[in-house]
Structure formats: C-alpha cells, structure tokens
Ligand code: HEC
C-alpha cells in the first residue's frame, strides 16, 4: 500500500515538474521571439535562432549585437582594432550607443531565446547552410567592398 502511495506521489511530482518545464519553454519562446522580432528586426530582417549554433550566437553574434543596443560586457571595447578615423565615424553615427536601448531583463530573454532554440552543433550548421557565393553565380560581382567572404 505504502509503495503504491509513493509511486503515485512520484508520478504526480514528475508530472508537475514536466508541465512547469514545458511552460517555461513556451515563455522563453513567445517572449523571446517577440522581443527579438522587435529589437533585432528593427535593424535587419529577424534572424531565426536555427540559423546558427549556440556557441556562435553566444560568443560571436550576440555580444556584437548587444553593443549595438548599448549593452557592453565589462572590458568589452566596440572600437577595438579600428583606426582613429574609423572610430570618429563610428562614434558620430552612434553605431555603439553609450546608453542602454534595451533593459537587462529583456536582453536576457533574447539571449535565452537564441541560445536555447539553436542548432545543436556547428556540423549541422555547415551541413544545412547554402552560402551564396558570387563566384558561383554567372555575371555576379561582390557588392561588399571589403575582403571577400571566404
Ligand atoms: C542597431 C542595429 C542592430 C540591431 C539592434 C541588431 N543588429 Fe544584427 N546586425 C546589424 C548590422 C549593422 C550588421 C552587419 C554587421 C557586420 O557586418 O559587421 C548585423 C549583422 C547581424 C548578423 C550577421 C552576422 C554578423 O555578425 O555580421 C546576425 C546573425 C545578426 N545581426 C543578428 C542579430 C540579432 C539576433 C539581433 C538581436 C539580438 C540583432 N542582430 C540586432 C545591426 C543590428
């Protein structure tokens, strides 16, 4: 009898935990998605989290995009590697604002959204991506005047 009771209790607890988890996931998805559409989509098209793997979002893209919304990690310098002329231009265009344009809480939700709904590995990322290279399109030229992307 006691064993049955324990089994039922464990089952109920497990059901409650898994229901909570599902709700948490839904919250991250809907709030994160709405915030990402609003903020990330204000400068360019809204990028789907599945485009990149977790590491690339977390360590590559998001810290850079955060600086464009006035958020900087301690010690992070958006002007690193630029010469004085470029720094002047970038500053005057306010590419990296000094003030936060988004709250810490909202940023956290965007970050959670992008790092929980990604591709699992870089291997999948490269398998699924189909980079468009001008070299493969007859008659096309580079629009970007910097170094060609390799
Ligand atoms: C203030 C404008 C602005 C906001 C806000 C912004 N981006 Fe960007 N994003 C840019 C610009 C400009 C580039 C091109 C940067 C470059 O080529 O160095 C870019 C490039 C990218 C790229 C291409 C990869 C790269 O590093 O060049 C991705 C992916 C991206 N943004 C995702 C996001 C996400 C996700 C958000 C929201 C969290 C976001 N962006 C918010 C301006 C913005």
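In the working numbering, the protein residues as written are 36 to 185. Yeah, the Cβ is synthetic: ideal placement off N, Cα and C, and Gly gets one too.
If you draw a straight line from the alpha carbon of residue i to that of residue j, how long is it in whole angstroms?
| i | j | result |
| --- | --- | --- |
| residue 49 | residue 38 | 16 angstroms |
| residue 163 | residue 153 | Bear in mind that a pLDDT of 49 at residue 163, under 50, signals an unreliable position, so the model cannot answer this. |
| residue 46 | residue 135 | 46 angstroms |
| residue 102 | residue 96 | 10 angstroms |
| residue 82 | residue 120 | 31 angstroms |
| residue 52 | residue 77 | 37 angstroms |
Is the beta carbon of residue i within less than 8 angstroms of some heavy atom of the ligand HEC?
| i | result |
| --- | --- |
| residue 101 | yes |
| residue 64 | no |
| residue 97 | yes |
| residue 50 | no |
| residue 69 | no |
| residue 138 | no |
Can you find a CB in chain C that lies within less than 9 angstroms of the CB of residue i?
| i | result |
| --- | --- |
| residue 121 | As a matter of chain content, chain C is missing from the structure shown, which is built from one protein chain. |
Since residue i is in the alpha helix (DSSP H), which residue starts that stretch and which ends it?
| i | result |
| --- | --- |
| residue 91 | Element bounds for residue 91: n/a, residue is neither H nor E. |
| residue 145 | 139 to 151 |
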